[in-house]
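**Student:**
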Amino acid sequence: MDISLLGPVAGFALAACGTPGPNNMLLASSGTHNGYRSSLKLLLGIMLGLQLLLLFTAFGLGRLFELWPALQWSLKIAGSGYLLWLAWRIAVAPPPSRHESGMRWYQGALFQFLNPKSWLMAISAISGFTLAGEQYWPSAWGVLGVFLMCGMVTGHIWTLIGMRVRRWLHTETHWRRFNGAMGALTAACVVMIWY
5 MDISLLGPVA
15 GFALAACGTP
25 GPNNMLLASS
35 GTHNGYRSSL
45 KLLLGIMLGL
55 QLLLLFTAFG
65 LGRLFELWPA
75 LQWSLKIAGS
85 GYLLWLAWRI
95 AVAPPPSRHE
105 SGMRWYQGAL
115 FQFLNPKSWL
125 MAISAISGFT
135 LAGEQYWPSA
145 WGVLGVFLMC
155 GMVTGHIWTL
165 IGMRVRRWLH
175 TETHWRRFNG
185 AMGALTAACV
195 VMIWY
């Protein structure tokens with residue numbers, strides 16, 4: 005990969021992975037409810053799914069949206085429905101003493117294929133930062149590596165934020181308010197899909 009692309013790719017990856025979105029809302033909520041170990045498994049699943057999505061996009065999967073615009077609309081509808089369902093599950097989650105272990109790693113991985121923000125990141129990264137010709141695959145692998153590092157760092161930050169918030173939640177009323185707020189923020193991510 006051309007070394008001059010590393011800075012722009014890293015800047016894009018940090019912005020794309022670090023800003024609020026469905027993955028980060030899930031990680032913050034998981035950090036609050038389930039602690040570090042369960043959240044780390046979810047983070048690894050999310051990163052595995054994102055890496056696969058980037059790789060499939062590099063192989064040309066993103067081109068399908070250009071050929072069949074209805075496929076993009078279908079993804080938006082399915083992703084919006086799934087996000088709203090997740091938002092509801094987060095909003096009605098009980099305090100941790102009665103809480104289940106949360107999302108499994110494979111659910112985080114599969115979620116990337118329904119998460120329109122992940123699709124936008126993957127298509128933008130591969131189309132914007134890969135080089136033509138013989139440099140295509142080295143630059144694509146570079147993009148995947150940068151996204152893996154930036155995603156792990158920002159994912160840890162969101163998880164730690166969630167764990168920090170847990171210290172302020174002492175009563176069941178606090179937990180209900182927190183869960184409602186996290187559910188509302190997750191549902192608000194649907195707006196980003198359509199605008």
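For the sequence shown, the positions run 5 to 199 when this note's numbering is used. Just so it is clear, CB atoms sit at the ideal spot from N, CA and C, and this is done for glycine as well. Quick caveat, the model's predicted, so the values are computed rather than measured.
Can you give me the start and stop residues for the alpha helix (DSSP H) that Val96 sits inside?
**Tutor:** Unbroken run through Val96: none, as it is neither H nor E.
**Student:** Nearest CA to the CA of Ile161: which residue from Ile7, Phe16, Ser8 and Ser33?
**Tutor:** Ser33
**Student:** Given this structure, state the Cα-to-Cα distance separating Phe117 from Leu71, to the nearest angstrom.
**Tutor:** 18 Å
**Student:** Look up Asn28 in the DSSP assignment and say whether it is helix, strand or coil.
**Tutor:** helix
**Student:** Helix, strand or coil for Leu153 per DSSP?
**Tutor:** The sequence shown places Met at residue 153, rather than the Leu named in the question. DSSP places Met153 in helix when its eight states are reduced to three.
**Student:** Please identify the residue among Gly166, Arg168 and Gln139 whose C-alpha is closest to the C-alpha of Ile7.
**Tutor:** Gln139
**Student:** To the nearest angstrom, report how far apart His174 and Pro12 are at their CA atoms.
**Tutor:** 43 Å
**Student:** Compute the beta-carbon to beta-carbon distance between Ser128 and Leu135, rounded to the nearest angstrom, for a pair I have assumed lies under 8 Å.
**Tutor:** Rounded, the Cβ-Cβ distance is 16 Å, inconsistent with contact.
**Student:** Using 8 Å as the cut-off, can you tell me whether the region 76-89 makes contact with the region 167-184, which would need three or more C-beta pairs spanning the two stretches below that distance?
**Tutor:** no
**Student:** Mind checking Val194: buried by the 16 CB within 10 Å criterion, or exposed?
**Tutor:** buried
**Student:** Secondary structure at Leu4, three-state DSSP: helix, strand or coil?
**Tutor:** Lying outside 5 to 199, the shown extent of the chain, residue 4 is not represented and no answer is given.
**Student:** Return the first residue and the last residue of the alpha helix (DSSP H) that Phe16 is part of.
**Tutor:** Leu10 to Gly22
**Student:** Do you know how far the Cα of Gly155 is from the Cα of Met167?
**Tutor:** 18 Å
**Student:** Evaluate contact between the region 42-49 and the region 84-97, counting only Cβ atoms and requiring at least three cross-stretch pairs below 8 Å.
**Tutor:** no
**Student:** Beta-carbon separation of Gly112 and Gly49 under 7 Å?
**Tutor:** yes
**Student:** Can you grab the Cα-Cα spacing for the pair Ala14 / Leu30, in whole Å?
**Tutor:** 23 Å
**Student:** In this structure, does DSSP put Met186 in helix, strand or coil?
**Tutor:** In this structure, Met186 counts as helix in the three-state DSSP scheme.
**Student:** If you measure between the beta carbons of Ala62 and Phe151, is that distance less than 7 Å?
**Tutor:** no
**Student:** DSSP state of His174, grouped into three classes?
**Tutor:** coil
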